[in-house]
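Chemist: In this note's numbering, the protein residues as written are 688 to 915.
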């Protein structure tokens, strides 16, 4: 009987402790207005259009999240963290205004389950970070390098892409009217253009989908361009 009571006691304590740990791993923050996003520190961000600006953070380092706004850019990072814990801190980022720029650094990841419908957007991914978005835009400027990866779907009228130093942009499912591509120092890109392709590839690889009506290309130092 005593063994059963002792076992029950430890079970209750364990459940209470687990509940406290779970509560402590969730953090809610409100923010001021912003039009740009910059993420760091291996965090994973899910963008959610809303009527408020707020952050819901979960994960092992959620209590270490540091948020600041400078020149309209919301910066999200952790102040430090457990280097032995491989679980990333996850963030649901609610925003209520048009985003002019989205940038990912230091292994962070940015995605959205909804399509971003607006006039223009700037994307930047570097240092093993990742951006995965569906967009509907008039103009898109994309820069990816140093092991960064950008995955794009949707429709864009004018797309300007610069990839370098092992950067990857997979946008064969992003239908564009005109695409201007610059690639140097390795890396590769997949693009889809209908009317015009203007590509300058120096030691990189470009795969072209969509059979554009007009093609202007320049290849140097082992640069490669393939038509699919």
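Beta carbons are placed, not taken as given, at the ideal position from N, Cα and C, and that holds for glycine.
1) Residue 690 by DSSP, collapsed to three states: which one?
2) Report buried or exposed for residue 913, applying the criterion of at least 16 other Cβ atoms within 10 angstroms of its Cβ.
3) Quick check: the Cα distance between residue 863 and residue 824, rounded to an integer number of angstroms?
4) Please identify the residue among 740, 767, 749 whose C-alpha is closest to the C-alpha of residue 760.
5) Would you say residue 874 touches the ligand ADP, meaning its beta carbon is less than 7 Å from a heavy atom?
6) Cutting at 7 Å between CB atoms, please list the residues of its own chain near residue 902, excluding the five before and the five after it.
7) Report the residue from 818, 846, 802 whose alpha carbon sits nearest the alpha carbon of residue 854.
8) Kindly indicate which residue of 869, 876, 796 has the alpha-carbon position closest to the one of residue 887.
9) Would you mind sorting residue 839 into buried or exposed? The rule is 16 or more other CB atoms within 10 Å of its CB.
10) Going by alpha carbons, who is nearest to residue 762 out of 795, 774, 842, 837?
11) Where does residue 898 land, buried or exposed, given buried means 16+ other C-beta within 10 angstroms?
12) Which first and last residues belong to the beta strand (DSSP E) in which residue 894 is found?
Modeler: From the atom records:
1) Its pLDDT being 47, under 50, residue 690 is placed unreliably in this model, and the value from its coordinates should be taken loosely. In this structure, residue 690 counts as helix in the three-state DSSP scheme.
2) exposed
3) 10 Å
4) 740
5) With respect to the ligand ADP, the structure shown offers nothing to examine, as it has no ligands at all.
6) 884
7) 818
8) 869
9) buried
10) 795
11) exposed
12) 892-896
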